[in-house]
Amino acid sequence: MVKVKLLRYTPDGVRLVAQGCRVSGIPEGLSDEEIVRMVVENDYTSAIEHIYFTFDISEMSVAISRELLEHRIASHTARSTRYNVEKDFGYVIPPTIDGDEELVEMFKEAMESARQHYAKIFEKMLEKGYSKAEALEASRYVLPMATHTHYIWTINARSLINFLGLRLCKRAAPEIRELAQKIYDIVVEIYPEIFKDIGCRGYNLGLCPENEARPKDCPFRAKIPTKKEIKDSWKKKDK
Ligand SMILES: Cc1cc2nc3c(=O)[nH]c(=O)nc-3n(C[C@H](O)[C@H](O)[C@H](O)COP(=O)(O)OP(=O)(O)OC[C@H]3O[C@@H](n4cnc5c(N)ncnc54)[C@H](O)[C@@H]3O)c2cc1C
0 MVKVKLLRYT PDGVRLVAQG CRVSGIPEGL SDEEIVRMVV ENDYTSAIEH
50 IYFTFDISEM SVAISRELLE HRIASHTARS TRYNVEKDFG YVIPPTIDGD
100 EELVEMFKEA MESARQHYAK IFEKMLEKGY SKAEALEASR YVLPMATHTH
150 YIWTINARSL INFLGLRLCK RAAPEIRELA QKIYDIVVEI YPEIFKDIGC
200 RGYNLGLCPE NEARPKDCPF RAKIPTKKEI KDSWKKKDK
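Numbering (numbering that gives the first Met the number 0), first residue to last: 0 to 238.
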């Protein structure tokens with residue numbers, strides 16, 4: 000199960016953002032909190048880019064780290080499989096099969112086999128006179144996508160809203176949704192003015208861009224229309 004620890008964040012961020020907005024020009028008489036809420040609600044969110052968070056994310060699968068890396072407006076530092084011996088790698092049991100004893104057993108056998116092959120190739124290369132760096136470089140290619148990796152991840156509040164919007168969605172892979180939820184639980188405690196009313200993209204926008212891809216078990220199906228439904232309704236009115 001992915002682990003998340005907050006390492007650092009921009010302190011006093013509400014005041015900082017409000018200070019920026021006042022330079023820009025804002026109606027007088029609004030409190031710092033009101034300014035920040037207005038900025039988030041109206042999506043003038045370049046102002047909240049001044050707030051940063053740095054997380055320590057561990058016991059995450061390589062599979063999901065690839066998805067995390069797709070979020071380019073963030074800074075990523077990852078555990079290297081070139082410089083670390085991964086003979087005793089930990090791994091994620093995919094949440095989808097967790098609880099199904101038969102499948103979990105099969106999955107563990109596959110991981111054990113990968114572990115043995117990794118160690119065998121590594122040792123054989125050393126025996127044959129390859130350097131440790133060469134042995135690490137080559138044997139890592141047999142590591143499974145489930146292998147645990149470890150990231151230090153820094154992201155600003157605006158980009159984090161984008162991340163949460165995409166990854167709290169029911170369509171996102173279960174492991175990254177779990178990561179997104181854990182991050183959300185941390186940041187909403189620190190800056191409720193920014194994150195209290197943040198959820199998946201559909202919730203944030205009041206319409207769901209997933210259209211037909213929206214899964215049947217989406218909790219907002221009955222409440223939030225799809226983008227296509229809204230556009231189709233305009234077209235019908237225009238006729
Ligand atoms: C359910 C789901 C399914 C997905 N399936 C796939 C898939 O099948 N294949 C796949 O490759 N990815 C897939 N993704 C990843 C997705 O396409 C995005 O790459 C990922 O979510 C990062 O989002 P982002 O680009 O908004 O974030 P960031 O990279 O953090 O970018 C933030 C924002 O900055 C702007 N931006 C960033 N870079 C550029 C740029 N180069 N040019 C213009 N604007 C930019 C955009 O407005 C962007 O929204 C999936 C994501 C989800 C949630």
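Ideal placement from N, C-alpha and C gives every residue a C-beta, glycine not left out.
Check, Outcome
"Chain-order list of residues whose beta-carbon lies under 7 angstroms from that of K195 (same chain, five-residue window excluded)", "V187"
"Where the beta strand (DSSP E) containing S57 begins and where it ends", "Y51 to S60"
"Residue-chain proximity (A179, chain C), Cβ-Cβ < 8 angstroms", "The structure shown contains no chain C; it is built from a single protein chain."
"C-alpha gap between H70 and W152, whole angstroms", "11 angstroms"
"Environment of ligand 1 in chain order, Cβ to heavy atom below 7 angstroms", "E66, E69, H70, R71, I72, A73, S158, N161, F162, L165, R166, C168, R170 and A171"
"Exposure label - A156; buried when at least 16 CB within 10 Å", "buried"
"Selection from F52, E48 and E33 that minimises the alpha carbon distance to Y8", "F52"
"Contact under 8 angstroms by Cβ, V84 with M144", "no"
"Chain-order list of residues whose beta-carbon lies under 6 angstroms from that of I120 (same chain, five-residue window excluded)", "S138"
"Given 8 angstroms, three or more beta-carbon pairs between the region 28-47 and the region 206-218", "no"
"Expected contact under 8 angstroms - CB spacing of M124 and E133 to nearest Å", "6 angstroms"
"Through-space distance from L135 to K86, alpha-carbon basis", "10 angstroms"
"Residues of its chain near A212, where Cβ-Cβ distance is below 7 angstroms and the 5 sequence neighbours each way are ignored", "R170"
"Distance between A221 and V13 (C-alpha atoms, nearest Å)", "34 angstroms"
"Selection from A77, H75 and E58 that minimises the alpha carbon distance to Y90", "E58"
"N-terminal and C-terminal residue of the beta strand (DSSP E) that H147 is part of", "H147 to N155"
"Continuous beta strand (DSSP E) stretch holding H75: start and end", "S74 to A77"
"Beta-ladder partner(s) of T225, from DSSP", "C207"
"Under the three-state DSSP convention, the category L29 falls into", "coil"
"Bridge partner(s) assigned by DSSP for V3", "I56"
"In DSSP terms, what Y8 is bridged to", "F52"
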